[in-house]
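Enquirer:
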Amino acid sequence: MKGPSLLRGTGVFDRLGALVARGMDAGVRWQLARLPIELPVPESWTPADPQEFWAASRVHDPAPITAGPVQHRRRGGVEVRTLTGPSQGPGGDPGSRHLAATALLRPDRRDLPFVLVVHGLLAPGPWYEERRCRALVAEGAQAARIDLPLHLRRHRPGRRSGEGFIQADLAWTREIVRQSVEDCAAVLAWARREVSDRVEVCGTSLGGLIAVLLAAHLELDAVVALAPFCDPAATIIEHLPDRTRRALGLEGESGGVWGPDREAARVVVRAALAPIVGRTFRPPMTPGERIAIVRPTLDGVVGDAPMAELAEAWGAELWSYPQGHVSVLNAPGLNARVNDWLVTPHAGVAGTDGRGSLAGAPRTTWAAT
């Protein structure tokens with residue numbers, strides 16, 4: 001028979017957990033600090049009107065998606081297919097011109113929700129997203145994971161996955177984020193038309209930002225944003241790694257390349273990135289009661305305050321965990337909670353009070369199996 005733990009009830013577990021969380025986040029910041037940095041030209045931080053920026057997007061006029069042949073079948077009749085389509089953004093390489101996603105589908109089961117899973121910045125592989133998709137399918141959903149521009153199957157030759165996505169060129173950053181939202185919107189429109197009456201999104205970190213912006217501009221049936229990078233302006237000013245800050249001249253109270261002092265830089269960056277800050281859009285097209293924001297209170301990568309502010313502004317669910325940006329993904333009970341949020345219908349979705357629909361492109365012809 002085991003005796004009582006000498007650590008239990010002393011707070012030691014909590015302190016150790018906090019140290020581990022901060023250590024994991026420090027590893028992420030170390031990786032971010034080693035990304036190449038190019039000083040931006042002045043035109044790159046010109047303010048952008050949020051409404052005009054998104055009116056010029058393809059979010060409501062999505063690109064056509066082609067579902068490839070069945071790669072293989074899994075237990076329960078699940079079909080694995082590759083989704084492809086055109087993509088438009090600031091990059092000129094092939095990965096910037098073609099989107100790619102992998103879907104796990106149950107044919108003729110429109111009653112089962114379709115969940116699009118979106119990865120984080122610099123994702124070296126799709127392992128976490130693949131596990132999430134398999135877990136959702138096991139719980140009674142259909143799911144797909146998408147590769148964002150410059151990531152995974154779309155990375156530039158000779159560069160790591162995600163390198164070049166976030167830049168000091170603020171115009172580039174907001175445009176490639178818009179491209180990512182457009183790519184996801186195209187897959188969701190295809191899924192609404194071809195796969196399911198319920199379409200949903202689950203995104204992590206950078207993918208959480210994409211999920212938030214999708215919720216802002218489209219009516220979805222459920223959304224989960226885990227540790228979302230939901231206020232890029234705040235993160236850039238307050239949470240950049242020290243090496244990156246020095247390269248941009250943001251040491252002390254200096255505003256570096258964006259102004260004479262920190263406050264001037266904050267004004268410039270906020271005006272330039274306003275179109276990709278979720279809180280800019282109130283209310284969101286997706287009702288707040290269908291949105292869950294997972295907030296790691298020890299987040300040392302993007303900072304947790306914008307998550308709480310967004311949840312309050314939108315009337316969304318806020319799930320707070322004493323974890324870091326990375327460790328929150330393994331928080332006890334969180335995965336089951338996320339799956340339940342996505343699989344269980346919310347008020348106003350198909351089969352209850354009705355729901356709006358996504359704009360659609362011409363019908364897709366499924367490739368032969």
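Counting from 1, position 41 in the sequence shown corresponds to residue 41 in my numbering; the numbering is continuous, with no gaps. Even for Gly, the Cβ is constructed at its ideal location relative to N, Cα and C. Note that the structure is predicted; figures quoted are calculated from it, not measured.
(1) If you measure between the beta carbons of V80 and H72, is that distance less than 8 Å?
(2) How far does the beta strand (DSSP E) with H72 in it extend, from its first residue to its last?
(3) Identify, in the order they occur along the chain, each residue of the same chain with its Cβ nearer than 6 Å to the Cβ of S320, setting aside the five sequence neighbours on each side.
(4) Assess, as a yes-or-no matter, whether the region 184 to 204 is touched by the region 107 to 119 under the definition of 3 or more beta carbon pairs within less than 8 Å.
(5) So, are the CB atoms of A103 and L121 less than 8 Å apart?
(6) Taking only runs that begin and end inside the region 54 to 121, name each unbroken beta strand (DSSP E) of 3 or more residues, in chain order.
(7) Quick one: what's got a C-beta closer than 7 Å to S335's C-beta in the same chain, skipping five residues either side?
(8) Given a cut-off of 8 Å on the beta-carbon distance, is the pair T204 and L226 in contact?
(9) Assuming V223 and A211 make a contact with CB atoms under 8 Å, what is their CB distance in whole Å?
(10) Determine, for I293, whether the minimum Cβ-Cβ distance to residues of chain E falls below 8 Å.
(11) Applying the criterion that 16 or more other CB atoms from any shown protein chain within 10 Å of the CB defines a buried residue, is D108 buried or exposed?
(12) So, with DSSP's three-state summary, where would you put S254?
(13) With burial defined as no fewer than 16 other Cβ atoms inside 10 Å of the residue's Cβ, what is the status of R131: buried or exposed?
(14) How far does the alpha helix (DSSP H) with S161 in it extend, from its first residue to its last?
(15) Measuring only the C-alpha atoms, how far is L105 from V199?
(16) Along the chain, where does the beta strand (DSSP E) containing D147 start, and where does it finish?
(17) What are the boundary residues of the beta strand (DSSP E) that E317 is part of?
(18) Could you give the first and the last residue of the continuous beta strand (DSSP E) run that contains P296?
(19) In this structure, how does DSSP classify E43 when only helix, strand and coil are distinguished?
(20) Helix, strand or coil for G278? Go by DSSP, reduced to three states.
(21) Give the DSSP-derived three-state secondary structure of L6 in the structure shown.
(22) So for V222, helix, strand or coil by DSSP?
(23) Taking just the CA atoms, how far does D340 sit from A264?
(24) Residues in its own chain within less than 7 Å of V20 by CB, not counting five upstream and five downstream?
(25) Leaving out five residues on either side along the sequence, give the residues of the same chain with a beta carbon under 7 Å from the beta carbon of L342.
(26) Return helix, strand or coil for E182, following the three-state DSSP convention.
(27) Using the Cα positions of G315 and E289, report the straight-line distance between them to the nearest angstrom.
(28) Can you name the start and end residues of the alpha helix (DSSP H) that T244 belongs to?
(29) Check each candidate in L213, D231, R246 and A123 and name the one with the smallest Cα separation from W54.
(30) Leaving out the 5 sequence neighbours to the left and right, which residues in its chain are closer than 6 Å to R262 when beta-carbon positions are compared?
(31) Based on the DSSP output, what are the partners of W203 in its beta bridges?
(32) Contact between the region 40 to 50 and the region 167 to 180: three or more CB pairs below 8 Å?
(33) Could you say which of L209, A216, R266 and A247 lies nearest to I237 if we only look at CA atoms?
Expert: Quick answer:
(1) yes
(2) H72 to R74
(3) R295 and T297
(4) yes
(5) no
(6) 72 to 74, 78 to 86, 98 to 105 and 114 to 118
(7) The question names Ser, but residue 335 in the sequence shown is Asn. Result list for N335: A135, in chain order.
(8) yes
(9) 5 Å
(10) Within the model displayed, chain E is absent; a lone protein chain is all it includes.
(11) exposed
(12) coil
(13) exposed
(14) S161 -> no alpha helix (DSSP H), and no H or E assigned at all.
(15) 13 Å
(16) Q142 to D147
(17) E317 to Y321
(18) I291 to P296
(19) helix
(20) helix
(21) In this predicted model, L6 has a pLDDT of only 36, less than 50, meaning its place in the structure is not dependable enough to derive any value.
(22) Just to set this straight, residue 222 is Ala in the shown sequence, not Val. In this structure, A222 counts as strand in the three-state DSSP scheme.
(23) 44 Å
(24) S327
(25) P113, V115, L136, A141, E200, C202, A222 and V224
(26) helix
(27) 7 Å
(28) D242 to A247
(29) L213
(30) E253 and G255
(31) The displayed chain sequence assigns Gly, not Trp, to residue 203. G203 pairs with V118 and A225.
(32) yes
(33) R266
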